[in-house]
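K.L.:
Would you mind keeping the following structure in view while I ask a few things?
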Amino acid sequence: MATWSEQYLAALRARAEVEQANIELYDYCTKLADQKAELHKRASSHAQASNEDEEPVTSPQPSLMSMGMRRVTSPPVVRPESPNLAQLRQDLAKAQQERGELQTRLESVTRELETLKSRGKADSKRIAQLTASVSQLTVKLRDREEELRGKAKLIENVQDENVTLNLQLNMAEEQLGKLTKDNKELVDRWMASKGKEADMMNEDSKFG
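47 is the number that UniProt numbering gives to position 47 of the sequence shown; each next residue is one higher, with no gaps.
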């Protein structure tokens, strides 16, 4: 089972990894948003160009044969298609094709951007959860450190008291040993004195 310090360090590492991933995600979302704006701009430009490429067709003017006579309209003159007009139509078709491709890419990028935004919200929620966990672990760690400091101080005080008691015990044992020795010497002297008195009394009784 991991200790509290290992769990705390693991939470810090997880938070750093999530923050790094979130930064990369935000950068990518910004890039996609820029691409989306560019695609909108290009699509609008192509649409405007396609509308301007259509030239108005002028109807032929009626001609007067003579004064007082009825007007006769001449049939439309069929002109051969100019190279410039053919090129414009070709460019228009190409622009319309590119517009369709850009529209498809725009829709794809938009969907991807929405997906990343949703995932970003989930990552933000996870970051908030990890941040709350780190805060709780930090508070618990601080409380545990204070508890450890208190216990260490208590142990130090007990050790100091034990040292003091050991010194007092050693002094008491030394005093007891000295008193025991003095008492033994006193008893020995008293016994010797009483022995001498008894011997003297015995001697006196012999001569009496």
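The beta carbon of each residue, even a glycine, is placed where N, CA and C say it ideally should be.
From residue 212 to V163, what distance separates their C-alpha atoms?
P.N.:
Nothing can be reported for residue 212, as the shown portion of the chain is limited to 1 through 208.
K.L.:
Nearest-angstrom Cα distance between N157 and M191?
P.N.:
By 1-based counting over the sequence shown, the position of residue 157 is 157. By 1-based counting over the sequence shown, the position of residue 191 is 191. N157 and M191: Cα-Cα distance of roughly 50 Å.
K.L.:
Roughly how many whole angstroms lie between the Cα atoms of R13 and Q103?
P.N.:
Position 13 of the sequence shown, counted from the start, is the residue given in the question as residue 13. Position 103 of the sequence shown, counted from the start, is the residue given in the question as residue 103. Cα to Cα, R13 sits roughly 42 Å from Q103.
K.L.:
Which parts of the segment 111-177 are runs of the alpha helix (DSSP H), unbroken and 4 residues or longer, counting only runs that do not cross its ends?
P.N.:
Complete alpha helix (DSSP H) runs here, min 4: none at all.
K.L.:
If you count every other CB in all the chains shown that lies within 10 Å of the CB of L169, and 16 or more means buried, which is it?
P.N.:
For the purposes of this step, residue 169 is taken as residue 169 along the sequence shown, with counting starting at 1. Result: exposed.
K.L.:
Give me the Cα-Cα distance between K178 and E203, rounded to the nearest whole angstrom.
P.N.:
Here residue 178 is taken as the residue at index 178 of the sequence shown, counted from 1. Here residue 203 is taken as the residue at index 203 of the sequence shown, counted from 1. Cα to Cα, the separation comes out at about 37 Å.
K.L.:
Less than 6 Å between C-beta atoms, sequence neighbours within five positions excluded: which residues of the same chain meet that for T58?
P.N.:
Residue numbering aside, residue 58 sits at position 58 when the sequence shown is read from its first letter. Below a pLDDT of 50, predicted positions are generally treated as unreliable, and T58, at 47, falls in that range; no measurement from the model is reported.
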